[in-house]
Structures are given as C-alpha cells and as structure tokens.
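This report concerns only the one structure given below.
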Amino acid sequence: MKMSSEASSLTKKKKQGLGWIESIKGWSCVFHEFLFQRFTASHLQNPLPLPSLNHLTCIVTGSTSGIGRETARQLAEAGAHVVMAVRNTKAAHELIQQWQKDWSGKGLPLNLEAMELDLLSLDSVVRFCNVWNVRLSPLHVLINNAGIFAMGVYKPRRICRQQACTETRISVVCLSPGIVLTNVARDLPRYVQVQYALIPYFIFSPQEGCRSTLFSATDSQIPEHCEMLKTNDKPICTFISQNCKHTKPSEEAHNIETANRVWEKTMELIGLPLDALEKLIEGQEVQCRYGTHQE
Ligand SMILES: NC(=O)c1ccc[n+]([C@@H]2O[C@H](COP(=O)([O-])OP(=O)(O)OC[C@H]3O[C@@H](n4cnc5c(N)ncnc54)[C@H](OP(=O)(O)O)[C@@H]3O)[C@@H](O)[C@H]2O)c1
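When the letters of the sequence shown are read in order and numbered with our numbering, they come out as residues 441 to 735.
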C-alpha cells in the first residue's frame, strides 16, 4: 500500500517535471520563432500569390478576426466559395458587405456566406454539420482556425487528427502561422499583451501570418506529401511552418501511444464511439450524443 502511494506520488512528480520541461521547450520555440520568423520567411511575397480557386469550397472557422479573417478574404478574392463559420454572424455579415464593397469593379462579386458555429458548444457543432450536410455539396478545404492561445496544445492537436487521416483519403495539415498581431492575446496576462503589441518589427501582420494557411490550403503538392507520410512506419501529418516549408514536427508527434490516448479522449469528449471512424468509412451511420437539444 505504502509502495503504491509512493509510486503514485513519484509519477505525479515526474508528470509535473515533464510539464515544466514541455513548458520551457514550448516557450523557447515561441522565442525562436519570434526572433527569426521575418528572416526565415523573407523569400515569401506578401500577400501570397494564389492560383484561381473557382473550383473550391472552403470553410474557415473563426473568420471574424485575425488570421481567419484575412484567410477568408484572400480565398474569396481568389474565387473560392468561402463559408465563414463563426459565433458572431452579425460581425461576419458586416465584413462580407465591406469586402464586397472594396472588391466592386475588380471582378465577379465575392462568393462568401456566414454560418453560425460556436466551437465551445458541441451542440452548436452538430447543428452546423447538420445544416451543412443537408446541402449535399462538396467541401474541399476545412480550415480549423478558431481558437485561443494555449501553450502546449499545439502538438497533441497535431497527433489526434493524424489518426483520422491515415484511415481516409483526407489530407490533414498542421501549420504554424508564426507570431501574429491579432486579438489572440486578449486572454493572456496584461504584461504579455503589452509586450505583444510593442514588437512591431518582429511580429507578423495578419496578412503575413495567413500565408502558411493559404499555402497549406492551395498548394498542389500538399496532398501528395500527405499520402507519402501516411505510408511511413510512424505516420505523422504534414507540418507547414510559418515560412511555408515542410518542417519536421516535434518528438511528441511521433508518439503513437500518446496519439492513441488523445484520440480516445477526443472521441469520449465529443460523444462518439471509439469505432466511429471505421463505421463512417464503411458508410454506416454514427450517432453522436450531442446536437439533440436546442440551447
Ligand atoms: N496570433 C498568433 O500569434 C498565433 C500564433 C500561433 C497560433 N495561432 C492560432 O491561430 C488561430 C487564429 O488566431 P488569431 O491569432 O487570428 O486570433 P483572433 O484574432 O483572436 O481570432 C480568433 C478567431 O476565433 C474565433 N473563435 C474563438 N473562439 C471561438 C469559438 N468558441 N467558436 C467559434 N469561433 C471562435 C474568434 O471569434 P470572435 O471574434 O467571436 O471572438 C475569432 O474570429 C488560433 O487557433 C490561434 O491559437 C495564433
């Protein structure tokens, strides 16, 4: 009994220790990225030139602010049908109006629309999917942009999506936008927000920060690269850094055990059975426990 409690406190200590190491590693990556991002991305044009995207339908989550907002605008200006998946539809409609006005005389009207989606509510996510599915129209690119700044969340996120992409023909790309001046720091301590706004030379503008997203969504070689990675012993998904280059992901991204744990926890949190993916691939219906009631 004593042994087991000692062992558990040791594991706890070890876990706390690992947390610190991870945190230091995370912050040193941020500082490195911050100091050198402008230099490593100096070969990129701003804005990033895009091919004609008339054939694409793209959903961009969180497109009322920052990187998502700039991504949505540029995709639409390149001809894509863009669905702004947002929690504030009024703000999205105002943006659409403004962009149409700025674009008038330059070509066909932009093909943009807003749909309600609050990612903090799984009921809202299911409602969004149901409305989308009724249309039976293809979705070519889903840009999971909406989020908040959270150290250490980046890497596990990469892992859990990978499992889905090895089983399907979907290409999953993880990317870093760089350190970008947006509203992302609004929930961080005040002193971090102040520092954030005081570093204009190093920090990217949203137009610079959305280049890796636009590159990942439109570069013709990305699907090929994703397929190649899926055939490796330890499959990982493509990682595009802020300079639009394929980059080696972190060590944790190769950890299959962690990937499985993150996958299982994710399925539990989103209310789906563990074999949901296999069932969907076989064309079976899968019931989710969310989305059955109005909030
Ligand atoms: N900026 C950076 O330096 C940086 C660096 C690395 C990664 N990122 C990542 O890049 C992504 C975009 O961030 P950003 O810098 O553009 O920040 P931002 O300006 O704060 O934009 C975030 C967007 O996400 C939306 N959003 C937040 N929570 C949501 C929810 N529950 N449901 C639906 N939409 C939600 C926000 O909507 P509202 O306007 O309604 O709040 C906003 O449109 C985030 O995932 C962030 O973690 C940013």
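The beta-carbon is built from N, C-alpha and C at its ideal position, and this holds for glycine as well.
At least one heavy atom of ligand 1 falls within 8 Å of the beta-carbon of L559. Contact between the region 514 to 522 and the region 645 to 665 is present: three or more C-beta pairs spanning the two stretches fall below 8 Å.
Counting the other Cβ atoms within 10 Å of the Cβ of K705 gives fewer than 16, which makes it exposed. For the 9 Å CB-CB criterion, T511 and A532 do not form a contact. Looking at the DSSP output, N551 shares a beta bridge with H521.
Between Q477 and G618, the gap from beta carbon to beta carbon is short of 9 Å. For S482, there are no CB contacts under 6 Å within the same chain when 5 residues up- and downstream are skipped. Taking the C-beta atoms as reference points, I499 is found no nearer than 9 Å to V620. With fewer than 16 other Cβ atoms inside 10 Å of its own Cβ, N570 counts as exposed. Per DSSP, the beta bridge partners of V620 are F644.
By the Cβ rule, the region 641 to 650 counts as touching the region 619 to 633, because three or more pairs are nearer than 8 Å.
Nearest C-alpha to V526 among F479, L550, Y730 and S564: S564. DSSP places C569 within a helical segment (H, G or I) once states are collapsed to three. Ranked by Cα distance from N683, the options E708, T653 and S690 are led by T653. Around the beta carbon of P689, a 10 Å sphere encloses 16 or more other beta carbons of the protein chains shown; the residue is thus reported as buried. Relative to the non-hydrogen atoms of ligand 1, the Cβ of I536 never comes closer than 8 Å to any of them. Burial state of M668 is exposed, judged by a 10 Å Cβ sphere holding fewer than 16 other Cβ atoms. When the alpha-carbon of V470 is set against those of Y636, E692, R575 and L496, the nearest one is in Y636.
By alpha-carbon distance to H665, the top candidate from W703, F642 and H686 is H686.
Distance from the C-beta of T480 to the nearest heavy atom of ligand 1 is not below 8 Å. Within 10 angstroms of the beta-carbon of K670 lie 16 or more other beta-carbons, which makes it buried. With a cut-off of 8 Å, the C-beta of A586 is classified as near ligand 1, since at least one heavy atom of the ligand falls inside that distance.
By the 16-neighbour rule on beta-carbons within 10 angstroms, L709 is exposed.
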